[in-house]
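Below is one structure, written out as structure tokens, with a few remarks after it.
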């Protein structure tokens, strides 16, 4: 059982696709940074997975954190670190990165 289960979109569309994709916005690099940082911190009750399309392509890269179901748009390593330090370690939502439904 995990305290948090995180899904980061790493979907990749062909160059000819009409919609954008998270992979071309460095989502895999950012997801790998998150996974490494969580491991370095010894946070064994947090699981970081990659996912296919989460259907918010224009806002990507996108992640969703369960069990709360909080959706974030994250663009940089600094955003990822803020999500780790604020949401995962302190239990507070990073309001500036949240995606409102």
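Residue numbers (this note's numbering): 2 to 102.
Just so it is clear, CB atoms sit at the ideal spot from N, CA and C, and this is done for glycine as well.
Proximity of the stretch 49-69 to the stretch 22-30 meets the contact definition, three or more beta-carbon pairs being nearer than 8 angstroms. With respect to residue 38, residue 85 sits close: the two C-beta atoms are nearer than 8 angstroms. DSSP, reduced to helix, strand and coil, places residue 7 within a strand of the structure shown. The three-state reading of DSSP puts residue 102 in coil, since its state is none of H, G, I, E or B.
Assigned with DSSP and collapsed to three states, residue 50 falls in strand.
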